[in-house]
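The sequence shown maps to residues 10 to 1282 in the working numbering. All C-beta atoms, glycine included, are put in the ideal place defined by N, C-alpha and C. These numbers were taken from a predicted model, which means no experiment stands behind them. Notes for the one structure printed next.
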Amino acid sequence: MVSRYFNNNNVILFVTDTGDIYVDNGYSNSRVDKWTSNTTSSIPAMYMCGQCYGLFVDITNTLYCSLFTYHQVISNSQRQGSNAWTIVAGNGVVALTSASLYNPRGIFVDTNLNLYVADSENDRIQFFPPGQLNGITLAGTGAPGTIALLYPTAVVLDADGYLFIVDCYYHRIIGSSSNGFRCIAACSGADSTSSQLYYPLTLSFDSYGNIFVTDQDNHRIQKFLLSTNSCTVSYNQPKFSAYASWSSNAITFASIGTVGAAPYGIFVDVNNTIYVANQANSLIQVWLEGSNIPTRNITNGLYLPYSIFVTINGDIYVDNGNLNQRVDKWILNGTTSSSAMYVKQECFGIFVDINNNLYCSMYYVHQVATKSLNGNSSMWIVSAGTGCAGSASNQVYYPRGIFVDTDLNLYVAECGNNRVQLFQSGQVTAMTVAGDAAAGTISLYCPSGVVLDGNGYLFIVDSYHHRIVAQSPNGLRCIIGCSAVAGSTSSQLNNPSHLSFDSYGNIFVTDRDNSRVQKFILIPNTTYIGLDPYGLFVNINNTLYVADRQNGRIVIWLEGSVYPDKIISGAASFPLSLFATLSDDIYIDNGVSYARVDMWPRNSSSSVIAMTIVEECYSIFVDRSNTLFCAMTFYHQIAKKWLNNNETTLTVAAGNGAAGSTPYQLYYPAGLYVDVNFNLYVGDCGNDRIQMFPLGQVNGITIAGNGAPGTITLDCPNAITFDANGYLFIVDNYNHRIFGSGPYGFRCLFGCTTIPGSAPSQLYYPRTLGFDSYGNLFVADQYNHRIHVVFLTINLNFVQMHYGTQMPQLLQQTPPLVHYLMVYLLMGLIMCLCLADFIEVWSNTPTNNISSYLDSTFSVFVSITGDIYIDNGYSNGRADKFIFNTSNIVTVMNINGSCYSLFIDIKNYLYCSLRDFHQIVKLLLNNGTNIPTVAAGSGFAGSASNMLDSPQGIYVDSYQNLYIADCGNDRIQRFQFAQLNGVTLAGNGALGTITLDCPTGIVLDSDGYLFIVDSNNHRIIGSSSYGFRCLVGCSGGSSLSNQLSYPQSMAFDSYGNMFVTDRNNSRVQKFILQNNTCSCFSPTIILISGKSSLTSPLEYRRSQDFSIISIIQLNCPGLLSTITTWTIKNCSTSCSYQIQLNEKVITTLSELYIPSRTLNYDIYEFKLTVTLVDLPSLTSSSSAYVRITPSGITANLVQLGTSLITRGSQQDLLLDPGTFSVDPDEDSFDASKWKYEYYCRVYGLYNFPNLQGILLSIDDNRTDPSNPSCLSN
C-alpha cells in the first residue's frame, strides 16, 4: 500500500503501462505525485493550483489534470521535465458554452490525442480535438437524441471508440454502441443491492471486459462481469420446461384503486421494474422490484394510453394516439416527453426491436406501422396489413399485441381473425402460427397479446376465452384461466389484454374487465422427474416408468418418446420405487405418509391398496407367482405378500429386523430382484454385499461384495438386475458406478472413475436401473436429478436421455487442419476425416491414419460398433469397411463410381450417393451380396419427383426415410421408406422455405429439424419450428473465421457443436454451440437462521427438531433449473469432516430439516450450495453454524414423575430415578452416566438441611438445627 505524504483528501490516480502510478496530491500540496514502478518514494510530476478530479497520461507521456474548482483541464509533458502546464480545455468561466466547463471531473485521451471530459455540472460529455479549445457535446445536455445525464463523473472509451460514462446522480453506468446509448449497469436507481449503485464516481475495464466501479456512498468497489453473449433486449425471456406450470390462483398485484378501470398495457423490464398503462386516469405507473405502491407516475400530456414499451436504456415509449395521434418518448427519469412517432390513431401494441425500430399496431386501421428511431425522419412504413380488414396472408384484422424477435420476425395477435400471424423479416405476407387457420394448434377468440419465451415458444393472451395459452415442444396448451369462463376469482380472468414475464418466470397479466393486474407465480422445478429421482422401471415394450418423488406422481415415456406420454398425478406421497406388471398394472411405494403399497390398474384413474407396510419401500418387485416384495430399508427386512388374495398384510421374506451381517440378517437393504426360480436377491447396502436367498430359506448366501472373495468391492449397493444369461448387474451407489458380471467375472461398466459428477460419463449417487429390449441401460441418477441412458455398444458411448435443442447462436473456431473433404463424428467424439487418398482419426490430434488401397476418397461413415465405411469408388469401384481396432479391410459394396456420401441406417442398410449417376443405391449388409439396389433416382438427371441431379449428401432417419441434398436441382428431397417418388422439403420447389444453391450436406437433429450445407451460397442453413434461417457463413463466401467457401459436409458432436469441411479454404471449421446466457451471475443465497459464525453459532438442543430455510435469488434471466445441495461438516477441529446422515434427511431442497437426535453434541457447519444446471460455473454457497447442546434430563424418583405419593408408615418407599428418569436426547435413560445424591425435607415447614448454604444429603452425618432432615423425624 502506498500511503506516505498524502493528504486525506487525495481524489484520483492513474497507472501507466510501465507500472508508474500518478496520484493527485493537490488538496494541501498542490501537486501530482509520481511513484515509479516498484519504488518506495515519490517525486512531484506536476504542480497546479488545486485538486485533480481526473488524471490521465496519454501515449505521448503527457499528463492531464481536470481542475474541478477552476473549471479547466490542464496538461504537462512528462518528457520535457518542466513544471509548466498548459490549459487544454475550459476558459475558467462557469457557463454552458463550447469553450466552458463547469466542475469537470473524469477525463480520457484516445490514441489520436482527442480529449474527452465529463463536464459534471453541465450534465454532458465534451470532446476536444487536439489543439482545440472549443468542445463538441457527444452526450447529455446539448446533444439531442443521445441520452440524458445528471452529473457525469467519468468517461472511458473501449477499443472500438464507444463511450462508457459514470452517470453519478442517476446512479448508473451508460454505454454506447452502433445503436446509440443505453444503461448497462445499475439501471434501477440508487440503493445498496448487488445490482445497484449509490453515487458512483469512476470506472475502469479489466482485460476481460469486466467493469470495476467506485461505488462512493456504498463505500465499496463493484465488479460487473461481462456477459459473453450480452443480450440487447429490455424484456425478460425465461426458458421453461415442456411441462412448466404456474399457480392457478393469482396474486393481485394492483387493483382498481391503483390502476383504475380497465388497464390495458403492461411491461416488465429486465430489472423487474413494472410499467402499467392506467388508461382510465391517462397515466403510466411504475413500480420498482419489491414495491407494492407505484414509485413514479407519468401523466403529462397523455390521453387514454393503451400500450407501453421500455428500452434497454430506460426510455419509455407510450401510446398517445387516441387524441394526440402520436407515440411519446419519456427518457429515463425525465419529466417531459417528446414525440417519437406520429400515427393515425391509438396503438394497441408498441414494440422497439433490436435495431431501434418502433412498431405500432393500429387496431382500427388494420395495420402495423414501423419507424426507425435512428434518424430524424417522421415517416413510417407499413410492416403488416393493407389497411383493409381481411383474412388474406397480407392482411390483418383488428391487430392488437405485437412482438418482434431478435431475427426481426414480427408476430401479430389478430383479434378479428382469431389468429397469431408471423411476418418473417422483410415480408408482407404472413403464415398463421396459432389459431383456427393453423391446423393442429389451438382455437383462439380475439387474441390480444403475444410474447416469446427464451426458447422461442409463444405465450398468447386469448382475450375472449379469458385465458393464457402457451406453446412448448408438445404444442399449445392453456396454462392460466383454463375454464374459459370469465370471472373475478383468483383463478379467473375477464377479457385480459396483455402479459409480461419477470426475470423469475412469473407472469403479469392486465385483467382488463376485472380492473386489476394479476401475478401468476411460476411453480419451481416443474421438470419431468423432479428432484432426486429414485425409482424407475422399463417394461418389455420399452416403456419407461419413473417415480417422481418431489411431485408425488408417475411419469411415463413410451418407446422413442423424448417427452412424457403420460403423467399420473397424485399417485403417491414421496414415492421411492415402482414396478409395472405384464398387464401394465403399476405398483408404487406410498409408505412415507400412508404405510402402504398402492396399485394403479391399467388405464385407471384411481388406485387400490396392495399391501400395508411399516415404512417406505426402497425397492418393489412382483415375481411370476404374483407375489409383491418390498425392501423396508430402515427395518432391515424384505416384506412380501401374495397378491391373489384379498389380504393386505405382509410377511417377512428376508432379514430378522435387526441390523447385522449374519446370513439371516440385513443392514439397510435397498434393492431386490426375484428370478424365475423364485430366488430372492438383495442389495444389502449397509453390509456392502449382494445376498441371495433360495426359495424358502432365511439364510442368505453372499454372491458379490463383502464376504464373497474374488468378486468385487462394493460400497452401499442398491438396485440389482439380471440379463437373460443370468449375469448380475449392480448399482454401486457410494462408488457412483454400475457393475456387471460376465463369463470372466465382474467389471465396471459405467462411472468407473468412482468420482461423482454431472458429465455424461459420470453418475452421482445412482439408485435404480433397468434394461430395455435392446440392452440399453436406464439409471436413476439421483443427485444429478436425471435419468441417464447407457447405450449398448462395443465402445460403450454414452449419451443422456433428453437431448438439447439446437440454438441459433454459434461461435467459430478454426483448427489447424488442411485438405479435408468430408467429416463424420462418433458419439464418443472421435473425429474421422477423408483426405484425397486416406482417412485420419483423432480426438485433438490425429491418432490414426488409414490409407491402404484408397484413391480419391469422398466420404466416410462410422457405425455404432466403430467400423469405418469408406468410399473407394473412384478407381476401385467399391465401398470398403475397416473393422474396428483391426487392420482388416473388406469390400462391402460394389459400385460404378464414387460415393459422395455414405450412411448406415438402423436396419443395417448401407446407402451410397452416386453423384455422377444421379442415384442413391443401398445394400443390406452381411446378406451375402455386394450388389446394391436403387433407393432413389432414375439414373438420369432431372427435376421430376422420381429423379435427381447430381445428388450428394444423404441422411436416413429412424423411420428409414431418406433425405437427399439434390445439388443440381437446388433442393432437399425426402423419400419415404420404399418409395421412389420424393417430396421437396426445402429449396427449389418448396415455396416459403429457403433458396438453395447446390446443397451438398444434410443432417437432422434429435427433434427432426434439418441442417443443410448450402455449398454455393457458402453457408449452413438450419430449420426450427419457425422455418429456415442461416446459421453460419451468412455474410458470403471468404476465408474469415465467420465465413466459408464452398463447404461440403457437416456433423454435430454430442455437445451440439458443428464441424464443417470448408473445402475451398482447405480447413475444418468448428462452430461452438452458444448457450443463450444473458447477463448471468452466480445465485444469491440468504439463510434464514439468524447470523452465525464458528465462534458464535446458533444453538439447538439435541431433543429439538430444527430447520434452516434459504432464500435463493437466481441472477440469470430465463435459467431457472438449479442443483441444490446441503453439506454438513463437524467443526470440532476445522470443519473439514463431512458427516453422512441417514436418508430421511433430505439435503437437496432449499430448506434443510434436521429431526431431533440426529446430530451428536458438537458444532456443525451447514453449507448450502446452489448451481445453475445450464451454467455449472455459476455456483454460490452460504453457511450457517449450529451448536447442538444437551437438553437436560427430567429426574423422576418414581414412575411418571408423580409429584405426590402416599405410603403408610409400615410401608417401604422405593425411589428409582435410574429407571424412571427421562433423557430427551436419547431413546432411553442411561442410569450409568449419572451420579445420584438424595436430599429430603419436611415440605412446607422447613427448608432442605444445609450448613452455610451447602445442602446436606440424607447420608451426611451432619445436622442443621433449623431444618431437620425428614428422615430423622
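(1) Quick check on DSSP: helix, strand or coil for Glu130?
(2) Between which two residues does the alpha helix (DSSP H) containing Pro1226 stretch?
(3) Assuming His1027 and Gly1045 form a contact by the criterion Cβ under 8 Å, report the distance between their Cβ atoms to the nearest whole angstrom.
(4) With a threshold of 8 Å, are at least 3 pairs of Cβ atoms found where one atom belongs to the stretch 1149-1160 and the other to the stretch 1200-1208?
(5) Using only the alpha-carbon positions, how far apart do Gln674 and Thr711 sit?
(6) What does Phe759 pair with, by DSSP beta-bridge criteria?
(7) Around the C-beta of Pro1199, are 16 or more other C-beta atoms found within 10 angstroms, so that it is buried, or is it exposed?
(8) Helix, strand or coil for Thr308? Go by DSSP, reduced to three states.
(9) Using the C-alpha atoms, what's the distance from Ala199 back to Leu206?
(10) So, with DSSP's three-state summary, where would you put Arg191?
(11) When we look at the beta-carbon of Glu355 and count the other beta-carbons within 10 Å, is it buried (16 or more) or exposed?
(12) Can you grab the Cα-Cα spacing for the pair Thr1136 / Leu1158, in whole Å?
(13) Return the CA-CA distance between Ala679 and Leu689, expressed in angstroms with no decimal places.
(14) Per DSSP, what kind of secondary structure is Cys1144 in: helix, strand or coil?
(15) Taking the alpha-carbon of Leu923 as reference, which of Ala888, Ala393, Asp914, Gly666 has the nearest alpha-carbon?
(16) Quick one: any contact between the stretch 502-517 and the stretch 464-471, if contact means 3 or more CB pairs under 8 Å?
(17) Answer yes or no: do Cys584 and Asn599 have a C-beta to C-beta separation smaller than 8 Å?
(18) What does the alpha-carbon distance come out to for the pair Phe1115 and Ser1192?
(19) Go to Tyr466, then tell me how far its beta strand (DSSP E) extends in each direction, as first and last residue.
(20) Out of Val799, Ser896, Ala987, point me to the one whose CA is closest to Tyr783's CA.
(21) Hey, would you say Ala157 sits closer than 8 Å to Ile340, going by beta carbons?
(22) Quick one: is Arg88 buried, meaning 16 or more other Cβ sit within 10 Å of its Cβ, or exposed?
(23) My guess is that Ser582 and Tyr603 are in contact by the Cβ rule of under 8 Å, so how many angstroms apart are they, rounded?
(24) Between Thr1167 and chain B, is any beta-carbon pair separated by less than 8 Å?
(25) Val24 to Gln771, Cα distance in whole Å?
(26) On the DSSP bridge list, what partners appear for Pro161?
(27) Quick one: using the 10 Å Cβ neighbour count with 16 as the cut-off for buried, is Gln928 buried or exposed?
(28) Leaving out five residues on either side along the sequence, give the residues of the same chain with a beta carbon under 7 Å from the beta carbon of Asn903.
(29) When burial is assigned at 16 or more other CB atoms within 10 Å of the CB, is Asp1268 buried or exposed?
(30) I'd like the list of long-range same chain contacts for Thr814, defined as Cβ closer than 6 Å, with 5 residues on each side in sequence excluded.
(31) Using a threshold of 8 Å, state whether the C-beta atoms of Phe986 and Asn970 are closer than that.
(32) Could you give the DSSP three-state label for Leu72: helix, strand or coil?
(33) Cβ atoms of Gly751 and Tyr773: under 8 Å apart, would you say?
(34) How long is the line joining the alpha carbons of Asn1025 and Asp975, rounded to whole angstroms?
(35) Closest to Ile629 by C-alpha separation, out of Trp566, Val691, Gly1253, Thr308, would be which residue?
(36) Near Ala163, what residues of its chain come up, given a Cβ to Cβ distance below 6 Å and the 5 sequence neighbours on each side ignored?
According to the structure shown:
(1) helix
(2) Note, Pro1226: alpha helix (DSSP H), 1226-1229.
(3) 6 Å
(4) The stretch 1149-1160 and the stretch 1200-1208 do not touch, with fewer than 3 CB-CB distances between them shorter than 8 Å.
(5) Distance between the alpha carbons of Gln674 and Thr711 is about 12 Å.
(6) Ile747
(7) Counting the other Cβ atoms within 10 Å of the Cβ of Pro1199 gives fewer than 16, which makes it exposed.
(8) coil
(9) 5 Å
(10) Of the three classes helix, strand and coil, the one that applies to Arg191 here is strand, per DSSP.
(11) buried
(12) 12 Å
(13) Distance between the alpha carbons of Ala679 and Leu689: 13 Å.
(14) coil
(15) Ala888
(16) yes
(17) The question names Cys, but residue 584 in the sequence shown is Pro. Contact: yes.
(18) 16 Å
(19) It is not in any beta strand (DSSP E) - Tyr466 carries neither H nor E in the DSSP assignment.
(20) Here the closest residue by C-alpha is Val799.
(21) yes
(22) exposed
(23) With a Cβ gap of about 6 Å, Ser582 and Tyr603 count as contacting.
(24) The structure shown contains no chain B; it is built from a single protein chain.
(25) 48 Å
(26) Asp176
(27) buried
(28) These residues qualify, in order along the chain: Gly886, Arg887, Asn939, Ile940.
(29) exposed
(30) Note that Thr814 scores a pLDDT of 26, beneath 50, so its modelled location is shaky and nothing firm can be said.
(31) A distance below 8 Å separates the beta carbons of Phe986 and Asn970.
(32) strand
(33) no
(34) So the alpha carbons of these two residues sit roughly 13 Å apart.
(35) Val691
(36) Gly115, Ala127, Val175, Thr211, Leu212
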